[in-house]
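Some notes on the structure that comes next.
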Amino acid sequence: MAEAVTIDKEYQTAPDNRDLSHIPGADGLPYIGKGLKFIFSLDTLAQQHYDKFGEVSRVRALNQAWLMVLGADNWQRILLDREKNFSTKKGYESSLGDFYPDGLLLRDHDEHKLQRRLLQKAFKTQAMKGYITQMTPVLQRKIAAVDVSQPCLFGPMVKDALLDVGAKIFIGMDVENDDTARLNKAFVDINHGLLAQVKFDIPGTSFGRGKRGMRALHSFFRDEIPLRRKGSAEDMFSHMCREQQDDGRYFDDWDVIANAAFLLFAAHDTTTSTLNSIMMYTTAHPEWQEKMRAEVEALAKDELDYDDLDKLVVIDRVFHEAIRLVPPAPIGTRRTIRECEMGGYTIPANTKVFIPFPFNHRDPRYWTEPLRFDPDRFSPERQEHKNHPFCYHPFGGGAHKCIGMHFAAMLVKVFMFHFLKHYRYRTPEDYQPKLQWAPLPKPTKLPLLLERI
37 MAEAVTIDKE YQTAPDNRDL SHIPGADGLP YIGKGLKFIF SLDTLAQQHY DKFGEVSRVR
97 ALNQAWLMVL GADNWQRILL DREKNFSTKK GYESSLGDFY PDGLLLRDHD EHKLQRRLLQ
157 KAFKTQAMKG YITQMTPVLQ RKIAAVDVSQ PCLFGPMVKD ALLDVGAKIF IGMDVENDDT
217 ARLNKAFVDI NHGLLAQVKF DIPGTSFGRG KRGMRALHSF FRDEIPLRRK GSAEDMFSHM
277 CREQQDDGRY FDDWDVIANA AFLLFAAHDT TTSTLNSIMM YTTAHPEWQE KMRAEVEALA
337 KDELDYDDLD KLVVIDRVFH EAIRLVPPAP IGTRRTIREC EMGGYTIPAN TKVFIPFPFN
397 HRDPRYWTEP LRFDPDRFSP ERQEHKNHPF CYHPFGGGAH KCIGMHFAAM LVKVFMFHFL
457 KHYRYRTPED YQPKLQWAPL PKPTKLPLLL ERI
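All residue numbers for the sequence shown refer to the numbering used here, where the first residue is 37 and numbers rise by one.
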């Protein structure tokens with residue numbers, strides 16, 4: 037039996053280590069370092085470092101020293117974290133922590149394990165069956181209302197649709213409710229704030245608007261908690277409000293607020309990214325659009341039941357191939373708690389660790405023609421994603437593996453089911469997609485020409 041690891045909490049207040057001069061790497065431009073490559077060419081940045089420096093190297097972005105770690109074996113060690121030496125809290129604190137403090141991803145070890153219980157009931161099968169019933173009319177209405185007389189910018193359209201789904205499923209609010217519009221605006225302002233380079237809470241700045249949105253979101257949740265605990269609503273937030281600890285006490289209000297806000301971000305924006313990627317690849321490979329549509333038509337149904345989800349095997353493969361090539365959360369970050377060794381180098385305590393997920397997903401040691409869009413690599417006959425336990429990890433791994441991954445797959449399938457029933461889609465002939473990787477990946481512009489079915 038493994039010996040228990042005692043963790044000194046002093047690491048939570050220690051400053052970041054900024055000296056990685058003993059490790060080979062590239063610092064880039066003064067101050068911004070390789071920051072622009074993080075945003076616009078994450079995949080090639082990782083490959084360039086691997087080709088020149090190997091699996092472990094240093095990199096700098098926005099005056100912060102990072103240890104870039106590549107390779108499935110290394111990531112298995114970090115994501116499973118059997119040594120309890122990699123803090124997600126300190127890894128994400130300087131980015132997500134500005135707007136989502138104490139969310140599930142910003143909790144470590146036993147504290148994370150306890151907080152994860154707060155969300156578990158919201159993702160059990162019985163709850164999921166209710167969500168598919170709730171999201172269907174929202175998506176049907178949004179998809180049917182698209183204007184086909186002009187190119188449809190898919191990104192804003194799907195973001196708007198999923199915000200309404202989020203209001204219904206996550207918070208239990210009707211789309212027409214005035215509070216829904218205010219909360220959607222607060223959420224959008226927060227996400228713009230995440231990209232701010234100047235982080236001062238000044239009115240009129242993107243960071244200031246994000247902070248204002250955060251406070252509005254927190255205030256709404258705080259006022260609603262006592263009402264939801266008395267009620268019997270089946271949305272995710274209500275489930276969280278009523279969840280109890282082993283001694284019968286409710287979780288602290290702040291724990292509910294912090295996790296509800298983070299869940300809204302984690303579930304909504306990652307699914308928006310995924311659907312953008314699916315559209316980008318299936319317009320470039322229209323044969324897969326037709327295969328998905330044939331599968332949808334073969335069901336001969338107007339709406340999906342929960343039990344129908346497993347029948348959509350083609351859509352499932354397209355889903356997994358899209359997030360292999362473009363992971364919706366493309367960067368994992370951690371910070372070392374104690375000094376350790378990695379790649380033959382001594383890594384100081386409190387070192388920021390940068391994990392670019394696209395690298396393993398495109399590693400030719402595990403994938404056949406890894407840059408090719410090939411959903412059949414996930415077929416039972418090939419199962420390339422099983423060539424290494426950590427060659428494919430779009431939802432992370434270990435204790436922090438995404439608790440909402442099955443919900444994300446369900447939402448994608450329900451959206452695609454209805455979109456494929458309504459439209460054939462393509463991009464203009466001269467369209468050349470350009471991918472932006474941060475804060476979450478998406479084509480910078482994706483115009484669709486729609487033909488109503």
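Glycine is no exception: its CB is placed at the ideal position from the N, C-alpha and C atoms.
Computed from a predicted structure; not experimentally measured.
Excluding sequence positions up to five before and after Leu253, its CB lies within less than 6 Å of the CB of Ala222, Ala297, all in the same chain and listed in chain order.
A direct Cα-Cα distance of roughly 17 Å separates Arg152 from Thr161.
Looking at Leu103, Leu447, Ser57, Thr463, the one whose alpha-carbon comes closest to that of Ala303 is Leu447. Note that the C-beta distance between Cys277 and Pro483 is not below 8 Å.
Of the candidates Ala82, Ile314, His454, Ile314 places its Cα closest to the Cα of Thr463.
Where Ser268 is concerned, there is no enclosing alpha helix (DSSP H), because DSSP gives it neither an H nor an E. In the DSSP annotation of this structure, the continuous segment of the alpha helix (DSSP H) that includes Thr307 starts and ends at 289–320.
Counting C-beta pairs with one atom in each stretch, the segment 405–425 and the segment 139–157 have fewer than three that are closer than 8 Å, which means they do not touch. For Ile351, the enclosing alpha helix (DSSP H) starts and ends at 349–361. When the alpha-carbon of Leu407 is set against those of Ile75, Ala62, Gln83, the nearest one is in Gln83. When the Cα atoms are used, Asp52 and Phe355 turn out to be separated by approximately 37 Å. Contact annotation, Phe431 with Met441: C-beta distance approximately 4 Å; criterion of less than 8 Å satisfied. In the structure shown, Gly229 adopts helical secondary structure according to DSSP, grouped into three states.
Using a 10 angstroms sphere on the CB of Glu487, the tally of other CB atoms stays under 16, which defines it as exposed.
In this structure, Ala97 sits away from Gly127, with a CB-CB distance that is not shorter than 8 Å. If one requires a minimum length of 3 residues, the beta strand (DSSP E) runs lying completely within the segment 374–428 are 376–378, 381–383, 388–392, in chain order. For the options Ile359, Arg245, Val349, Ser57, the alpha carbon positioned closest to that of Leu476 is the one of Ile359.
The residue among Ser93, Leu56, Gln100 with its C-alpha nearest the C-alpha of Pro66 is Gln100. The beta carbon of Ala108 is closer than 6 Å to those of Asn396, His424, Phe426, Cys427 in its chain, skipping five residues each way along the sequence. The Cβ atoms of Phe390 and Leu198 lie no closer than 8 Å to each other. Separation of the CB atoms of His228 and Gly202 is rounded to 17 Å, and the pair is thereby denied contact status at 8 Å. Between the segment 256–267 and the segment 168–186, the count of Cβ pairs shorter than 8 Å is below three; the stretches do not touch. Residues of the same chain with a CB within less than 8 Å of the CB of Val92, apart from the 5 flanking positions on each side, are Ile59, Leu103, Met104, Val105, Leu106, Asn110, Met378, Gly379, Gly380, Tyr381 in chain order.
Beta bridge pairing from DSSP links Lys437 with no other residue.
Ile367 carries a strand assignment under DSSP once its states are collapsed to helix, strand and coil. Considering only Arg177, Pro400, Gly240, the residue with the shortest C-alpha distance to His421 is Pro400.
Under DSSP, the beta-bridge partners assigned to Met104 are Ser93, Phe390. Scanning its chain for C-beta atoms nearer than 6 Å, with the 5 sequence neighbours on each side dropped, one finds around Asp138 the residues Ala294, in chain order. Beta-bridge analysis with DSSP links Glu487 to Arg460. Going by DSSP, Lys126 is part of the alpha helix (DSSP H) stretching over 124–128. Counting along the chain, Met276 sits inside the alpha helix (DSSP H) bounded by residues 272–278. Collapsing the DSSP output to three states places Pro479 in a strand. In its chain, beyond the 5 residues on either side, Thr318, Val354, Pro411 have a beta carbon closer than 7 Å to the beta carbon of Trp324. Here DSSP, grouped into helix, strand and coil, assigns Gln281 to coil. In this structure, Leu132 lies away from Leu299, with their beta-carbon atoms at least 8 Å apart. A straight-line Cα-Cα distance of about 7 Å links Thr124 and Arg371.
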